[in-house]
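The block underneath contains the structure these notes are about, expressed in structure tokens.
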Amino acid sequence: MRPEISRSRTWAVAAVGGVAALLTAACGSSSPTSTSNTASAPGITASQVTIGSTQPLTGPAAPGYSEIAPAANAYFKYVNAHGGVNGRKINYIYLDDQYNPTSTATQTRKLVLQDNVFAIFQALGTPTHLSVVSYLNSSKVPDLFVASGCNCWNNTSQYPDTFGWQPNYTIEGKILGQYIAQNFGSKKVGFFLQGPNDEFGADGFAGVMDSLQGKGLNVDSTPAYYTPTAAGAMAVPAAIAGLQAQGVQVIVSFSVPLFTAVAEASAAGLKYSAQFVVSNVGADPPTLAGILTGGSLGKRLPAGLIAGTISDTYLPLLTDASNPWVTMFKSIEQTYASSLPWDGNVEYGMSEAYTFVQALKAAGQNPTRASIIAAIQNSHWTDGPGLTPYAYSSSDHNGYTGVQMVTVNATGDLTTLGPIETTDDTASGAINTYSGAASTPPANGIPSD
Amino acid sequence: MRATLRNSTLVRHGLFFLALAVVLLVLTSFVFDPYTNYNVTEVAIYAICTAGLTVLTGINGQVSLGHGALMMIGAYTTSVLLTWHPDLPLILMLLASIATTGVAGAIVGLAGARLRGPYLAGATLALAVALPQVPSHFASVFGGNQGLNVPTPSPPAFLGGDFSPEQWLAWITLAAAVITFFVLANLVRGATGRRFRMVRDNEVAARLSGIDVARTQVLAYIISAACAGLAGSLFAYWVTVTSPSGFSLNLSLSLLTAIVIGGLGSLSGAVIGSFILVYLPVWTGGFASSLNLSSNVANNVPLAIYGIVLIVAILVFPRGIAGGIASIARGAARVIPSSRGPTALPAAPESSQ
């Protein structure tokens, strides 16, 4: 960062005129005294930035996921209470879409056309967000850090304004698959997926199969599927019984939390002791334990059911009291969102909010929709809560590209199994051990660049 | 001239709907912002479907809990055809959806002509529950639960670069709605409408008068289904994604709610009911978020208010809002005998009892 005050002023004026080349402005803008705040883009005033999101606040994906946006908002409240971003407060509007693509489409129109948001942030869900990604890109609304690991968000030619954030499901699937091949090579592997024709299940399946194929493993390549609706939950026991009948010993599950919980409970009910290997999005132990013991299924089941489940993480472990990101987010949660439990959803929501503040800061004192896209692509941020750096560039809109394998121990907490590993989403891309140092958050908890 | 107006329903309706079309054209072009246009499009889509439903239920006396499923057939016809042939013009899609849904309506109508009251309700309910399961089982054609994406129709170039897609779709949908209402208003005023009502009121009397009851009932179902198909096709363009989640049982029940709240058997009631269907959740949502409740409560407040409003509306206006307005107008006409009272809308609200 070289703050060149005079150039920064010139460029900021040009930015207001709608010039897209804002990289220089982004670099020069960290000196807040140079120019005054203007209403530089839709949703941006001199004192406020309005962003919007669609979230499953009710419905089949709500258990767990309904905490994500409130957690992100808690981080924004913290930032607002400490001066905001370049003097602007972040106003985060998140609407309920019930994990229903039709509802996502209409709620997103409301955010863009009526609430006039600057950007869509953290919109949750693969099938849901796929219904609006074309609309957002044709309307040139920045579509930042979709809360889904679909590979489809990294498509810079078709969706230049869309950015993923978490490791995509194929990257995650490859690393899960490698672990299965190394540790359960003699067992029969089957799949329990959201689908059929759902990118969430399909991308994960493709990733796991990349690592399993051609190794002479015993794989039941016909997956069992569930539909993410209330009626779909009723059909899960039959799907699990189908896997049992096939003699499947390792169940790879790309499922949202409610359906992971129902699947594991169904297996227990069938006295079917398969090893569950679950995508990160459906494996947060506090969420699963809450669903199993909180009566969402109508009867109480022991949280211990999930012990031994294998999954992965790309954020620090919730229970790692020595991690400065964990302590920071936990203290923000206690001050600004004390009604939320400390779980993986809250950590996720706050971590994504941190990335958004990084992007907003980098977009310049008076951000435009083009300048925030350019800022993310040229960011090369080295700090962030994730275990690996972001992959963002002008040709890559993936966020994190690696995970660390974890397992649920007897007390319901996660413990790590081996190193952090990174890879890409091609079938042949090698899986490498990541050895970079972990970053620490800035002292005031607000990104500095 | 006066005599022509009084005697020819066709001319009177023609002039009324032409005037309505001009008003809507001005409103969508100069008054409404894109979001209002977007919502007005939704109102018009529901109005097309509920108009067909009110002809079936209010005028012909056949209940249907399955109109959401019929809309789904229309929406999937458009979406599947667009997946195969992305360049086909919109008007062809609308006509194809009307055709397929009309055929589906004929099949349901044939079954319906043999069923009465709760049995017909049960059969159509089964349709509404079962049909949304189909796309998951034939995912390669229907896109499964994730659904099929539908491109937003882009306005023709001569309208200029600033012409919003929302306004274009509002034009298309409102034009379709005006035509639908014109056709239905003439239909229910004419011989067909009289036969529909006679079958509703007394099947034995209708049969004695030489009316083929079953054929009349099937015809009512086909007309009603065709409206649902048109609405479904436009719905696909409006949402831009056609997935089973858009056509839950909830939709079928909402459509029925709309015609009951609006006024059973009245075309203007169908419009009022559709308006409530779209705008009540918007208003209650805004109200709920202004209350500053905890999120668990606030998320469910709109639904609760919606329910309360529906209960109150039914208690206050047992014949629907259109019926209530008509009663108030008649009351006012009695109080002020000199005034002629407001002109009734083309299809005057009428009792369904």
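Quick mapping for you: the protein sequence lines, in order, are chains A and B. Per this note's numbering, residue 1 is the first one in the first sequence, and the count goes up by one each step. Per this note's numbering, residue 1001 is the first one in the second sequence, and the count goes up by one each step. Glycine included, each C-beta is placed from N, C-alpha and C at the ideal position. From a predicted model like this one, the values you see are computed outputs, not experimental measurements.
Option in the options with minimal Cα separation from residue i
{"i": "A:A238", "options": "A:G195, A:G214, A:A267", "result": "A:A267"}
{"i": "B:T1101", "options": "B:C1227, B:Y1237, B:A1288", "result": "B:C1227"}
{"i": "A:L258", "options": "A:L288, A:F76, A:Y392", "result": "A:L288"}
{"i": "A:G304", "options": "A:P286, A:L318, A:D320", "result": "A:P286"}
{"i": "A:A61", "options": "A:T293, A:G83, A:S148", "result": "A:S148"}
{"i": "B:Y1035", "options": "A:N137, A:D96, A:T426, A:D115", "result": "A:D115"}
{"i": "A:G386", "options": "A:A410, A:A374, A:G214, A:Y434", "result": "A:Y434"}
{"i": "A:S47", "options": "A:F329, A:Q365, A:L315, A:A69", "result": "A:Q365"}
{"i": "A:A353", "options": "A:F76, A:G59, A:G52", "result": "A:F76"}
{"i": "B:E1203", "options": "B:D1033, B:Y1046, B:Q1062", "result": "B:Q1062"}
{"i": "B:A1106", "options": "B:L1056, B:G1320, B:L1303, B:Y1279", "result": "B:L1056"}
{"i": "A:G384", "options": "A:S371, A:N378, A:V357", "result": "A:V357"}
{"i": "A:D396", "options": "A:I372, A:T416, A:K187, A:D424", "result": "A:D424"}
{"i": "B:T1050", "options": "B:M1198, B:I1259, B:P1281", "result": "B:I1259"}
{"i": "A:N345", "options": "A:S66, A:P316, A:Q213", "result": "A:S66"}
{"i": "A:G308", "options": "A:T416, A:A443, A:G216", "result": "A:T416"}
{"i": "B:I1261", "options": "B:S1243, B:L1315, B:L1291, B:G1286", "result": "B:L1315"}
C-beta atoms of residue i and residue j nearer than 8 Å
{"i": "B:G1229", "j": "B:S1097", "result": "yes"}
{"i": "A:V278", "j": "A:S311", "result": "yes"}
{"i": "A:Q246", "j": "A:Y226", "result": "no"}
{"i": "A:T229", "j": "A:A206", "result": "no"}
{"i": "A:P127", "j": "B:N1186", "result": "no"}
{"i": "A:P196", "j": "B:A1130", "result": "no"}
{"i": "B:Y1237", "j": "B:P1153", "result": "yes"}
{"i": "A:Q236", "j": "A:Q275", "result": "Correcting the residue identity first, residue 236 of chain A is Val in this sequence and not Gln. For A:V236 and A:Q275, no; Cβs fall outside 8 Å."}
{"i": "B:G1058", "j": "B:L1251", "result": "no"}
{"i": "B:L1053", "j": "B:A1128", "result": "no"}
{"i": "B:T1180", "j": "B:I1048", "result": "yes"}
{"i": "A:Y399", "j": "A:F184", "result": "The residue asked about is misnamed: residue 399 of chain A is Gly in this sequence, not Tyr. No, Cβ-Cβ distance for A:G399 and A:F184 is not below 8 Å."}
{"i": "A:Q122", "j": "A:A41", "result": "no"}
{"i": "B:Y1046", "j": "B:S1274", "result": "yes"}
{"i": "A:Y78", "j": "A:T108", "result": "no"}
{"i": "B:S1243", "j": "B:L1277", "result": "no"}
{"i": "B:A1225", "j": "B:A1044", "result": "no"}
Span separating the alpha-carbon of residue i from that of residue j
{"i": "B:G1246", "j": "B:P1132", "result": "9 Å"}
{"i": "B:G1341", "j": "B:A1329", "result": "Any reading at B:G1341 must be qualified, since the residue scores a pLDDT of 44, below 50, and its modelled position is unreliable; the value itself is stated next. C-alpha separation (whole angstroms): 7 Å."}
{"i": "A:S338", "j": "B:L1094", "result": "52 Å"}
{"i": "A:S428", "j": "A:G164", "result": "22 Å"}
{"i": "B:F1017", "j": "A:Q98", "result": "39 Å"}
{"i": "A:G402", "j": "A:M328", "result": "23 Å"}
{"i": "A:N155", "j": "A:S394", "result": "11 Å"}
{"i": "B:G1265", "j": "B:T1028", "result": "28 Å"}
{"i": "A:K464", "j": "A:D161", "result": "There is simply no residue 464 of chain A to check, as chain A begins at 1 and stops at 449 in what is shown."}
{"i": "B:R1114", "j": "B:R1215", "result": "11 Å"}
{"i": "B:P1165", "j": "B:E1042", "result": "14 Å"}
{"i": "A:K450", "j": "B:H1137", "result": "Because chain A spans 1 through 449 in this model, residue 450 of chain A falls outside it and cannot be assessed."}
{"i": "A:G84", "j": "A:G445", "result": "12 Å"}
{"i": "A:A26", "j": "A:A119", "result": "The predicted position of A:A26 is uncertain, since its pLDDT is 42 and thus under 50; no value can be drawn from it."}
{"i": "B:L1234", "j": "B:A1170", "result": "10 Å"}
{"i": "A:T388", "j": "A:I180", "result": "22 Å"}
{"i": "A:N100", "j": "B:S1248", "result": "10 Å"}
{"i": "A:L270", "j": "A:N218", "result": "22 Å"}
{"i": "A:G349", "j": "B:Q1167", "result": "36 Å"}
Residue(s) in a DSSP beta bridge with residue i
{"i": "A:T433", "result": "A:E421"}
{"i": "A:Q55", "result": "A:D96"}
{"i": "A:K89", "result": "A:Q48"}
{"i": "A:Q194", "result": "A:Y226"}
{"i": "A:F121", "result": "A:L144"}
{"i": "B:Q1133", "result": "In DSSP, B:Q1133 forms no bridge with anything."}
Residue i: CB within 7 Å of a non-hydrogen atom of the ligand FAD
{"i": "B:F1032", "result": "The ligand FAD is not among the ligands present in this structure, which contains no ligands whatsoever."}
Min CB distance residue i to chain C below 8 Å
{"i": "A:N155", "result": "No chain C is present in this structure, whose protein chains are A and B."}
- Message: Please list, in chain order, the residues of the region 1137-1154 of chain B that have any C-beta partner in chain A closer than 8 Å.
- Response: A1139, S1140, G1143, G1144, N1145, Q1146, G1147, N1149, P1151, T1152
- Query: Which residues, in chain order, does the region 1225-1249 of chain B contribute to contact with chain A at a C-beta distance below 7 Å?
  - Reply: V1239, T1240, V1241, S1243, S1245, G1246
- Task: Check each residue of the region 1255-1287 of chain B: if its Cβ is closer than 9 Å to any Cβ of chain A, include it; give the result in chain order.
- Result: V1282, G1285
- Near-chain B residues of the region 48-59 of chain A (beta-carbon distance less than 7 Å), N- to C-terminal order: L57, T58
- Query: Any residues in the region 227-245 of chain A with a beta carbon nearer than 9 Å to a beta carbon of chain B? Which ones, in chain order?
  - Reply: T227, P228, T229, A231, G232
- Message: By the 7 Å beta-carbon criterion, what residues does the region 1026-1037 of chain B contribute toward chain A?
- Response: P1034, Y1035
- According to a CB-to-CB cut-off of less than 9 Å, which residues of the region 95-107 of chain A neighbour chain B? L95, D96, Q98, Y99, N100, P101, T102, S103, T104, A105, T106
- Query: Name the residues in the region 118-144 of chain A whose C-beta lies less than 8 Å from a C-beta of chain B; which are they?
  - Reply: T126, P127, L130, S131, V132, S134, Y135, S138
- Query: Mind listing which residues of the region 196-219 of chain A have their C-beta closer than 8 Å to chain B's C-betas, in chain order?
  - Reply: P196, N197, D198, E199
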